[in-house]
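Enquirer: Quick one: the structure is below, questions incoming.
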Amino acid sequence: MSIPVGGALPTGTAPEGPGPDAAAVPGEAASARSRRRLPELGVGGWISLGIIVFAVLLALFGPILRPYDPNEVHLSYANVGPTGGHLLGFDGAGRDLLSRLMVGARTTLLGAALVALVAVAIGSSLAVLTAWFGGRFDTAVSSGLDVLFAFPGILLAVLAAAVFGAGLLSAGLALAMAYSPYLARVLRGAALKERAMAYIQAGEVQGFSGWWLCFRHLLPNISSLIVAQGTIFFGFAVVDLAALSFLGLGIQPPQADWGVMVSEGKTPLLQGYPLEALTAVICIVLVVSAVSFLGEKLQERSTGGHR
Amino acid sequence: MLAFIVKRLVMLVVTLLVASFAVYGSLYLAPGSPIATLTGGRAPSPQVVAQLNAQYHLNDPFLVRYWHWLVAALHGDLGESIPLQQNVSTLIGQRIGVTASLVLLTSIVIVIIGVGLGIVGALSHGTIDNSVLISSTVSAAMPAFAAAVVLQFVFAVKLPWFPALGDGQGFFGSLHHLILPALALAASSVALVTRVTRAAVREELEREHVQTAISRGLPRGTILRRHVLRNAAIPITTVVGLTIASLIALSAVVETAFGLNGLGSYLVQAAQNKDFAVVQGISLVLVVLFVVVNTLVDIAYALLDPRVAIGSRAQ
Chain F
3 MSIPVGGALP TGTAPEGPGP DAAAVPGEAA SARSRRRLPE LGVGGWISLG IIVFAVLLAL
63 FGPILRPYDP NEVHLSYANV GPTGGHLLGF DGAGRDLLSR LMVGARTTLL GAALVALVAV
123 AIGSSLAVLT AWFGGRFDTA VSSGLDVLFA FPGILLAVLA AAVFGAGLLS AGLALAMAYS
183 PYLARVLRGA ALKERAMAYI QAGEVQGFSG WWLCFRHLLP NISSLIVAQG TIFFGFAVVD
243 LAALSFLGLG IQPPQADWGV MVSEGKTPLL QGYPLEALTA VICIVLVVSA VSFLGEKLQE
303 RSTGGHR
Chain P
371 MLAFIVKRLV MLVVTLLVAS FAVYGSLYLA PGSPIATLTG GRAPSPQVVA QLNAQYHLND
431 PFLVRYWHWL VAALHGDLGE SIPLQQNVST LIGQRIGVTA SLVLLTSIVI VIIGVGLGIV
491 GALSHGTIDN SVLISSTVSA AMPAFAAAVV LQFVFAVKLP WFPALGDGQG FFGSLHHLIL
551 PALALAASSV ALVTRVTRAA VREELEREHV QTAISRGLPR GTILRRHVLR NAAIPITTVV
611 GLTIASLIAL SAVVETAFGL NGLGSYLVQA AQNKDFAVVQ GISLVLVVLF VVVNTLVDIA
671 YALLDPRVAI GSRAQ
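Those protein sequences? They're chains F and P, same order as listed.
Going by this note's numbering, the first sequence opens with residue 3, and the numbers climb by one from there.
Going by this note's numbering, the second sequence opens with residue 371, and the numbers climb by one from there.
So this is what it looks like as structure tokens:
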């Protein structure tokens, strides 16, 4: 389920059973387990994986393989449909559409990946710290996060754009800040469960430092949930960043970006030339559906149950 | 129960205070002096500087300034838009109606289509259930701006049934202009409500008391109304309420896409023009609405399911 900007993000369930501690399983058994688990992705999972791999390749090599300069303007070709050599034709300013989509893949996906990475880093550190120290520190941080829940992500991003100017940096940071409380809350539940396990207490008794136990044992054991949540929030980030670019508060034109292309393609669309806006929408929707489908699969697996 | 409600209301007030502080304080995070931020980088005349100093109490300590602003805001005075030379509260008043109608219409769409499809999906098997699942998966992946563009192309450009842009005149004119925006705003939320409804109704149908009622031969309608929907209403109300709260901020995207003159689109314009008084004012209004709706959902949830209030006391 993909909910863009706004409050009602689904908070994933905390793991029911003991965490899937792949690290604790000896090498051969682990590989046997992963072999057995691979087909669990199902047809939809494999299609999603295929879309994601294709999108990542596009983001990596699109700007190199693009057939034309994405910013080269041929006004006389504005809104001309597919012709020889230009597979998707031209946008409203007469730029090669396919090239812009290929270059835009990098901007769109890299920006969202950075947002998800920062949010996961903040969210998981807060989760581990609050679970580890507990008590007053936990209460203080958790109530601080409660206040952040009062700010829908898009509102935070608009505020950031007003204060620091519109751009990828302010939009991205605002989104990362808006996501991290949700991540922290979900991961804190898992970290608390792990914190109460006997092996952590055994480690404490043996005199291992808190840092060692957190980073060597606790964090790896909730890593599958972190990866699942990170994937889900990467999907949200693609949607929200594109929405902000659509509003003119994210990535700025003439930079090629899928959100910017939807925004720039809106006027031609209303005049009957929908190719730019619709191709960008299709790219966004395909990637987001694939990412959220895979994220939910990973989430199911990391919590050890179906539903 | 009363203790729970009081606790939620206290939390509401605290959250609003901190949120208003954050909205107010963000002005001072901006690089440059507050005057430069307030005037959006335009060179102000000495009179304007003096007026701003007096109006925003810029010579007072920060907390005193915040207090003045908060008291004025509570009295409905949100300051003055410098570029427009107009009172922010008036500007908000002119636009809040469009946003409110949009959110209301969208909520109706979400409840009717989302809950309806969810119940249909839960009660049927095979093709109908599968098509409910597939359609909700597709619409879940539709961000509001994408849905807006697709709807504009199909129902305004290709089939000229609805206007693509602008507000309408009169009740039916406005309604006509709001239908596509409401559908665009509802797209991904409908999917979520459908899924939650379907799962909740399915779960209730499998309960023992429902199975008993079925085996006793009670009429299907009675079982559905008295035993299934009544219990399934708890998760459904919660998800519908939270979804509606999230629409408040998301309406900015749809209003901008359809050129509606509402609060959200105005907030975006103000952020682009660095009209900070307007940004603060609208942000405050939106945060208040969002937090209040969320609190109401929490309280409604506790009223529907008393275990929630008891559980929170036990902690």
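Even for Gly, the Cβ is constructed at its ideal location relative to N, Cα and C.
Starting from P/L474, find everything on chain A with Cβ-Cβ shorter than 9 Å and list it in chain order.
Expert: The question asks about chain A, but that chain is absent: this structure's protein chains are F and P.
Enquirer: Listed from N- to C-terminal order along the chain, which residues in the segment 508-523 of chain P have their beta-carbon within a distance smaller than 7 Å of any beta-carbon of chain F?
Expert: Here the close residues are A510, A511, M512, P513, A514, F515, A516, V519, V520, Q522 and F523.
Enquirer: Could you check where the alpha helix (DSSP H) with P/M381 kicks off and where it finishes?
Expert: L372 to S396 is the span of the alpha helix (DSSP H), which, as asked, contains P/M381.
Enquirer: Tell me whether P/S494 sits in a helix, a strand or coil according to DSSP, three-state version.
Expert: Reduced to three states, the DSSP call for P/S494 is coil.
Enquirer: Answer yes if the segment 152-161 of chain F comes into contact with the segment 115-126 of chain F, meaning at least three C-beta pairs across the two stretches below 8 Å, and no otherwise.
Expert: They do not touch, by the three-pair rule.
Enquirer: Which whole-angstrom value is the C-beta distance of F/T110 and F/V240, which I expect to be below 8 Å?
Expert: Yes, F/T110 and F/V240 are in contact; Cβ-Cβ is about 6 Å, under 8 Å.
Enquirer: For F/W48 and P/V623, what's the separation of their Cα atoms in angstroms?
Expert: Taking the straight line from one Cα to the other gives about 33 Å.
Enquirer: Would P/Y398 be called buried (16 or more neighbouring beta carbons within 10 Å of its own) or exposed?
Expert: P/Y398 is exposed by the Cβ-count criterion.
Enquirer: Can you list the residues of chain P that F/I156 reaches, using a CB-CB cut of under 8 Å?
Expert: The contacting residues are A619, L620, A622 and V623.
Enquirer: Can you give me, in chain order, the residues of the segment 641-672 of chain P that have a beta carbon less than 7 Å from any beta carbon in chain F?
Expert: Those would be A641, Q642, K644, F646, V649, S653, L656, V657, F660, V661 and N664, in chain order.
Enquirer: Around the Cβ of F/L100, are there at least 16 other Cβ atoms within 10 angstroms (buried) or fewer (exposed)?
Expert: With 16 or more Cβ atoms within 10 Å of its Cβ, F/L100 is classed as buried.
Enquirer: Assuming F/E310 contacts F/D93 (C-beta within less than 8 Å), just tell me the rounded distance between them.
Expert: In the structure as shown, chain F starts at 3 and stops at 309, and residue 310 of chain F therefore has no counterpart that could be examined.
Enquirer: Taking DSSP's pairing of strands, which residues face F/Q203 in a bridge?
Expert: F/Q203 pairs with nothing; no bridge assigned.
Enquirer: Kindly identify the DSSP beta-bridge partner or partners of F/F2.
Expert: Shown here, chain F extends from 3 to 309; a query on residue 2 of chain F therefore has no answer.
Enquirer: Return the CA-CA distance between P/A492 and F/R102, expressed in angstroms with no decimal places.
Expert: The alpha-carbon atoms of P/A492 and F/R102 are separated by roughly 44 Å.
Enquirer: Taking P/I504 as the reference, give the member of F/K299, F/V82, F/T305 and F/S291 with the closest Cα.
Expert: Selected option, being the one with the closest Cα: F/S291.
Enquirer: P/V388 touches chain F at which residues, Cβ-Cβ below 7 Å?
Expert: The answer, in chain order, is V149.
Enquirer: Which of helix, strand or coil does DSSP assign to F/V293?
Expert: Three-state result, F/V293: helix.
Enquirer: So, at 6 Å on beta carbons, what are the nonlocal neighbours of P/L487 in its own chain, with the 5 sequence-adjacent residues on each side left out?
Expert: Closer than 6 Å at Cβ, skipping near neighbours: V502 and T564.
Enquirer: On the DSSP letters alone, give me the boundaries of the alpha helix (DSSP H) that P/W531 sits inside.
Expert: Careful: P/W531 lies outside any alpha helix (DSSP H) and carries neither H nor E.
Enquirer: Counting only beta-carbon atoms, is P/T460 nearer than 8 Å to chain F?
Expert: No, P/T460 lies away from the interface with chain F (no Cβ there is under 8 Å from its Cβ).
Enquirer: Can you pull out the residues from the segment 267-283 of chain F whose beta carbon lies closer than 9 Å to at least one beta carbon of chain P?
Expert: Answer in chain order: G267, K268, L271, L272, Q273, G274, P276, A279, L280, A282 and V283.
Enquirer: Quick one: using the 10 Å Cβ neighbour count with 16 as the cut-off for buried, is F/P256 buried or exposed?
Expert: F/P256 should be labelled exposed.
Enquirer: Since F/A173 contacts P/A641 with CB under 8 Å, what's their CB separation in whole angstroms?
Expert: Rounded, the Cβ-Cβ distance is 11 Å, inconsistent with contact.
Enquirer: Closest to P/A406 by C-alpha separation, out of F/V165, F/D140 and F/L59, would be which residue?
Expert: Out of F/V165, F/D140 and F/L59, F/V165 has the C-alpha closest to the C-alpha of P/A406.
Enquirer: Using a Cβ-Cβ distance under 8 Å, would F/F1 count as near chain P?
Expert: No answer is possible for residue 1 of chain F: the residues shown for chain F start at 3 and end at 309.
Enquirer: Count the C-beta pairs between the segment 602-614 of chain P and the segment 660-678 of chain P that are closer than 8 Å, then say yes if the count reaches three, no if not.
Expert: These segments touch.
Enquirer: Which of helix, strand or coil does DSSP assign to P/N457?
Expert: P/N457: strand per DSSP, three-state reduction.
Enquirer: Output the boundary residues of the alpha helix (DSSP H) element that contains P/R595.
Expert: Premise fails: P/R595 is in no alpha helix (DSSP H) and is neither H nor E.
Enquirer: Comparing C-alpha positions only, which one of F/V82, F/V58 and F/L43 sits nearest to F/Q273?
Expert: Comparing Cα-Cα distances from F/Q273 to each of F/V82, F/V58 and F/L43, the minimum goes to F/V82.
Enquirer: What in chain F is Cβ-close to P/T626, meaning under 7 Å?
Expert: Result: L249.
Enquirer: Using a 10 Å radius around the Cβ and a threshold of 16 neighbouring Cβ atoms, would you call P/E578 buried or exposed?
Expert: Burial call: exposed.
Enquirer: So, helix, strand or coil for F/T85, using DSSP?
Expert: The answer is strand: DSSP assigns F/T85 an E or B state.
Enquirer: Any contact between the segment 127-136 of chain F and the segment 258-272 of chain F? By contact I mean 3 or more CB pairs, one from each, below 8 Å.
Expert: No, because fewer than three Cβ pairs between the segment 127-136 of chain F and the segment 258-272 of chain F fall closer than 8 Å, the two stretches do not touch.
Enquirer: For P/I699, which option in P/V383, P/A518 and P/A557 has the closest C-alpha, if you only look at C-alpha atoms?
Expert: The first residue shown for chain P is 371 and the last is 685, placing residue 699 of chain P beyond what the model contains.
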